[in-house]
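Here the protein sequences line up with chains A and B, keeping their order.
First residue of the first sequence: -11, per this note's numbering; consecutive thereafter.
First residue of the second sequence: -11, per this note's numbering; consecutive thereafter.
Virtual Cβ for every residue (Gly too), placed ideally from N, Cα, C.
Quick caveat: nothing in here was measured; it's all calculated off a predicted structure.
Protein chains: 2
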Amino acid sequence: MNEGHLSGEGRIVSQANATSLNKTRRQRVELKEEAIVETARRLFNEKGFGKTTISGIAKGCGVADGTVYLYFKNKEALAQAVLEAFYRDLKETAQDGVDALDSTEEQLRFLAEHHLTKVNQERRILELLPIIGVSLDNYKDSKLFTLNKSYARVFDRVAKSGVKSGVIKRDLAPWVLRDVFYGGLDYASRTMMMHERTDNFSAVVDGLMAMMLVPKSAANSALEDVAERFDKIAERIEKSIG
Amino acid sequence: MNEGHLSGEGRIVSQANATSLNKTRRQRVELKEEAIVETARRLFNEKGFGKTTISGIAKGCGVADGTVYLYFKNKEALAQAVLEAFYRDLKETAQDGVDALDSTEEQLRFLAEHHLTKVNQERRILELLPIIGVSLDNYKDSKLFTLNKSYARVFDRVAKSGVKSGVIKRDLAPWVLRDVFYGGLDYASRTMMMHERTDNFSAVVDGLMAMMLVPKSAANSALEDVAERFDKIAERIEKSIG
DNA sequence: AGAAAAAATGAATGAGGGTCATTTATCAGG
DNA sequence: CCTGATAAATGACCCTCATTCATTTTTTCT
């Protein structure tokens, strides 16, 4: 550990009051906690929950096995912390990206690509969710649930504004839209992973767009035009024969 | 074990040739194998992979711990067998249901409801998939991959015929349709589980239908009307010429 | 019946999660 | 700078469970 130069910081603070003193100690503690979570995140993502050992995590960030248990009740609690970190990051980068764009379609495309990228990057982190007991009855007031909801809200805001501006079909419930959107992406990413073809992300996104967005009236009116023409042709034929 | 009355069967067979002898032995063996898989399926589904013990499974079907390892290389192989059984059943019941229906829309609705029912019933079985190493490079020639594909084909056939008959939008790639369909269902079932509201399955299915099917719009029926008229005209022309 | 083959057993092994008595580091007051 | 008090860290130890294997039981064939 690099406590050496931190002790200097500590000595300065020792002249201050008890509060700021506690603060620096807490800061050090939080630094170590982050290190543990970060290492766990890396290892869980490399080998999955089952094949990752506490020993491995402890070694990975230079602490003793027992130390991990000072910070997290057990392996599952650590996995939960990892998931929370993942979701926090996911939500934040998603919101930032959306804020930098204007049109609903651009925003949806960004969200799709962003989700696929992140989820592929840390595929095995998401797999922790079922492992750490989804069946938890206290899930609804867990940090995880809150984070999950706040990530969902990023999409919901985009969808809402899209419906209001008439870009998105209005007969679809927003939560259904969201489930289909993210569900379709997750599933597609999984099947594409299995077939080792990550190239046609865009086909899925295009498909989703086609299903969600109101068709550009051009295409639609073109059909109507054709119908009209056929109508006239039919009349002519009927006359010439009749 | 109820080997007592089976020994009688065995004595009869002992008068037959070596082939049928092997067969009955294999039958007994397969019966036990099925019993192990069935117990494992139940326990995995109740407690998940991590919290299910080999001892528990062995006790659950009245064999010794070691016996399980005569049938399956290890816990993961057993989990894989469970998954295979699950997919086989899923595919078969799906196909049967589809065969009993006529219209594309009915078939799609059936597939959706069927999938949701089965997946909810054995939620934790599906969670085995990521646990037993998706990253397997030999996945593409595994039984699991084949079964997965054959389940997907049930949907694909319905979708194909739906596209051909004009009920399903034709500008969507079939595999995209499938990913969005099943992905949306899985995701929705998960979120509904979390919110403990399994009542609005139908909202999701309705949403999916609305997104996949060609809207029965004025424009569309206009086209169909014209097509019908052309049909009749063609008939008349053919008659008057022939 | 009785030898050979097949199947089943469960005690033993070892890996890894989790605990806790002990050690080490930090800090405030003199 | 020293000292007792408190916080943090350690790693040996215990326990559960997957997996192995020498031994026992059952089945088959002559």
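(message) So if DSSP puts residue 24 of chain B in a beta bridge, which residue, or which two residues, is it bridged to?
(response) None, per the DSSP bridge assignment.
(request) Report the three-state DSSP secondary structure of residue 120 of chain B (helix, strand or coil). (result) In the three-state DSSP reduction, residue 120 of chain B falls in the coil class, being neither helix nor strand.
(message) Comparing C-alpha positions only, which one of A/15, A/96, A/50 and A/119 sits nearest to residue 33 of chain B?
(response) A/119
(message) I want to verify the contact list: residues of chain B whose CB lies under 7 Å from the CB of residue 115 of chain A, in sequence order.
(response) 118
(request) Consider the Cβ of residue 199 of chain A: report whether some Cβ of chain B lies at a distance smaller than 8 Å. (result) Yes, because at least one Cβ of chain B sits closer than 8 Å to the Cβ of residue 199 of chain A.
(message) Please list, in chain order, the chain A residues whose beta carbon lies closer than 7 Å to that of residue 191 of chain B.
(response) 161 and 164
(message) Assuming the contact rule is C-beta atoms closer than 8 Å, residue 100 of chain B and residue 196 of chain B should be a hit. Round their C-beta distance to whole Å, please.
(response) The distance from the Cβ of residue 100 of chain B to that of residue 196 of chain B is about 7 Å, consistent with a contact at the 8 Å cut-off.
(message) Any contact between the region 76 to 86 of chain A and the region 40 to 55 of chain A? By contact I mean 3 or more CB pairs, one from each, below 8 Å.
(response) no
(message) Can you list, in chain order, the residues of its chain with a C-beta nearer than 7 Å to that of residue 55 of chain B? Leave out the 5 residues immediately preceding and following it.
(response) 46
(message) Between the alpha carbons of residue 67 of chain A and residue 16 of chain B, how many angstroms are there, rounded?
(response) 43 Å
(request) Name the residue from B/104, B/63 and B/13 whose alpha carbon lies nearest to the alpha carbon of residue 29 of chain B. (result) B/63
(message) Against residue 218 of chain B, what residues of chain A qualify as contacts under a CB-to-CB distance less than 9 Å, listed in chain order?
(response) 218, 221, 222 and 225
(request) Can you pull the chain B residues whose beta carbon is under 7 Å from the beta carbon of residue 196 of chain A, in chain order? (result) Chain B residues near residue 196 of chain A: 168.
(request) Would you mind sorting residue 24 of chain A into buried or exposed? The rule is 16 or more other CB atoms within 10 Å of its CB. (result) Taking a 10 Å sphere around the C-beta of residue 24 of chain A, we find 16 or more other C-beta atoms and assign the residue as buried.
(request) State the Cα-Cα distance for the pair residue 219 of chain A and residue 151 of chain B, rounded to the nearest angstrom. (result) 25 Å
(message) I need the boundaries of the alpha helix (DSSP H) containing residue 103 of chain B, first residue and last residue.
(response) Residues 92 to 109.
(message) Please classify residue 112 of chain B as buried or exposed, where buried requires at least 16 other C-beta atoms within 10 Å of its C-beta.
(response) buried
(message) Would residue 171 of chain A and residue 174 of chain B qualify as a contact pair, given that the criterion is a beta-carbon distance under 8 Å?
(response) yes
(request) Measure the beta-carbon distance from residue 86 of chain B to residue 142 of chain B and round it to whole angstroms, keeping in mind my assumption that it falls under 8 Å. (result) 6 Å
(request) Identify, in the order they occur along the chain, each residue of the same chain with its Cβ nearer than 6 Å to the Cβ of residue 131 of chain A, setting aside the five sequence neighbours on each side. (result) 72
(message) Would residue 92 of chain B and residue 153 of chain B be called neighbours here (beta carbons separated by less than 8 Å)?
(response) At the C-beta level, residue 92 of chain B and residue 153 of chain B come within 8 Å of one another.
(request) Run the CB neighbour count on residue 164 of chain A, radius 10 Å, all protein chains shown included, and call it buried at 16 or more, exposed below. (result) With 16 or more Cβ atoms within 10 Å of its Cβ, residue 164 of chain A is classed as buried.
(message) For a cutoff of 8 Å on Cβ pairs, would you count residue 214 of chain B as touching chain A?
(response) yes
(request) Please look up how many angstroms separate the CB atoms of residue 202 of chain B and residue 157 of chain B, rounded, as I've assumed it's under 8 Å. (result) Yes, residue 202 of chain B and residue 157 of chain B are in contact; Cβ-Cβ is about 6 Å, under 8 Å.
(request) Please compile the residues from chain A whose C-beta is within a distance smaller than 8 Å of the C-beta of residue 176 of chain B. (result) 164, 167, 168 and 171
(message) For a quick check, are the C-beta atoms of residue 167 of chain A and residue 147 of chain B less than 8 Å apart?
(response) no
(request) Starting from the beta carbon of residue 44 of chain B, find every residue of chain A whose beta carbon is closer than 8 Å, and list them in chain order. (result) Under a criterion of Cβ atoms nearer than 8 Å, no residue of chain A is adjacent to residue 44 of chain B; the nearest Cβ is some 17 Å distant.
(message) Quick test of your reading: residue 127 of chain A and residue 182 of chain B, contact by CB under 8 Å. State the CB separation rounded to the nearest angstrom.
(response) Contact between residue 127 of chain A and residue 182 of chain B holds, with the beta-carbon distance rounding to 7 Å and staying under 8 Å.
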